[in-house]
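Engineer: For the sequence shown, our numbering gives the first residue as 1317, with consecutive numbering after it.
Once you've had a glance at the structure underneath, I'll fire off some questions.
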Amino acid sequence: MTQIIPDQQTRPKLVQISKLAAAPKWQLETMRALREPLFLWVTHGQGRIAIGPRTRGFHPHNAIFIPAGTLHGFQAMTRVQGTAIYFGTTHGLELPQTPLHLRLRDAGQHAEVSQLVDFVQREVDGKRPKAAQAAYHQLGLLAIWLDRHHAAHQGENGGDLTQLNANERLVARYATLIEREFGSALNVNDYATALGVTPTHLTRACRASCGHTALDMLQLRRLYEARRLLMETDTPVQDIARNLGFSTPSYFSRAFAKKIGQPPSSYRKQHEAKPRLTH
């Protein structure tokens, strides 16, 4: 059963990247997928973004598009500013099916993207009649811009992120399986078998591609979900353990404490002041 972080809204939403970058390190850097497409327009600062198995640096005037279901992680190295546009799960637009990272050098292009983002922001935040319809059409113009620049930048600036080497292709397949199955009890050996390689080869490819072992990638994704559920829901610890494929609640608690530094119950208590969802 596919398990993707279920906290996305169906309607478009704009968030300042500085707000996203202020989140805890684990929330930013752990690879995860969203149910909706995401567009990032960086206007200040720099950092690194992992999209699938490839990690790249980003700088001011970088436009990054991440399709729904694409694994990604984010690392801010300096104070980062800009805008993140979440298209929503029911956008109905023709958007690129592959990730894009466009490094725009022309001042006219900078102004064009900023204007498109501003127009979407005005309609999403505004109270004018037919604001939702207007926002949809503004997002449509952004979708056209992405399509045009996808074609123009293929092979340039590293804009096309689909050209992967053998290790990256294998890790991309592994990452996709993790996102689909992280709630199961499958281990690295099971994943390697499903991918037609040995566990050693899979781990070597993961190290070469993204600096993590195959086991690290799996554990980080499960612990990301565990933290989210502990912080945001009232789901019992034993249910979280079962839903994330741990054999027993005690094994889950030990693994969580070893990596996070405190048991799940203490972690939940530390964050109990935050609003929770019934899960």
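We treat Cβ as the ideally placed atom computed from N, Cα and C, and that holds for glycine.
1) Is it the case that the Cβ atoms of residue 1491 and residue 1521 are separated by a distance below 9 Å?
2) Apply the 10 Å Cβ neighbour rule to residue 1541 and answer buried if 16 or more other Cβ atoms are within range, or exposed otherwise.
3) Does at least one heavy atom of the ligand HEM sit under 8 Å from the Cβ of residue 1576?
4) How would you write the range of the beta strand (DSSP E) that residue 1371 sits in, first residue to last?
5) Could you tell me the distance, in whole angstroms, from the CA atom of residue 1461 to the CA atom of residue 1394?
6) Taking the alpha helix (DSSP H) that residue 1483 belongs to, which residues open and close that run?
7) Buried or exposed: residue 1575, going by 16 or more other Cβ atoms within 10 Å of its Cβ?
8) Mark residue 1503 as exposed unless 16 or more other C-beta atoms lie within 10 angstroms of its C-beta, in which case mark it buried.
9) Could you tell me whether the segment 1367-1380 touches the segment 1558-1568, using the rule of 3 or more Cβ pairs below 8 Å?
10) What are the boundary residues of the beta strand (DSSP E) that includes residue 1331?
11) In angstroms with no decimal places, state the Cα-to-Cα distance between residue 1579 and residue 1341.
12) Kindly identify the DSSP beta-bridge partner or partners of residue 1365.
13) Classify residue 1408 as buried or exposed, calling it buried when 16 or more other Cβ atoms lie within 10 Å of its own Cβ.
14) Any idea what DSSP makes of residue 1473, helix, strand or coil?
15) If you measure from the beta carbon of residue 1337 to each beta carbon in chain C, is any gap under 9 Å?
16) Taking the beta strand (DSSP E) that residue 1303 belongs to, which residues open and close that run?
17) Going by CA-CA distance only, name the one from 1434, 1587, 1570 that's closest to residue 1550.
18) Excluding the 5 residues preceding and the 5 following residue 1545 in the sequence, name in chain order all residues of the same chain whose CB lies nearer than 6 Å to its CB.
19) Check residue 1519 in the structure and name its three-state DSSP category.
20) To which residues does DSSP link residue 1358 through a beta bridge?
21) Mind reading off the beta-carbon distance from residue 1421 to residue 1378? Whole number of angstroms is fine, and I expect it under 8 Å.
22) Between the C-alpha atoms of residue 1488 and residue 1414, what's the straight-line distance to the nearest angstrom?
23) Return the chain-ordered list of same chain residues with a C-beta closer than 6 Å to the C-beta of residue 1437, the five sequence neighbours on each side being excluded.
Structural biologist: So, from the data block:
1) Not a contact, by the Cβ cut-off of 9 Å.
2) buried
3) This structure lacks the ligand HEM, and indeed carries no ligand of any kind.
4) 1370-1374
5) 28 Å
6) 1482-1497
7) exposed
8) exposed
9) no
10) 1329-1332
11) 19 Å
12) 1372, 1390
13) exposed
14) Residue placement at residue 1473 is flagged as unreliable, the pLDDT there being 44, under the threshold of 50; a coordinate-derived value is accordingly withheld.
15) As a matter of chain content, chain C is missing from the structure shown, which is built from one protein chain.
16) The shown model of the chain, from 1317 to 1595, leaves out residue 1303, and the question about it has no answer.
17) 1587
18) 1551, 1556
19) helix
20) 1378, 1398
21) Actually they do not touch by this definition, with Cβ atoms about 11 Å apart.
22) Cα to Cα, residue 1488 sits roughly 13 Å from residue 1414.
23) Closer than 6 Å at the Cβ level, and outside the excluded window around residue 1437, lie 1330.
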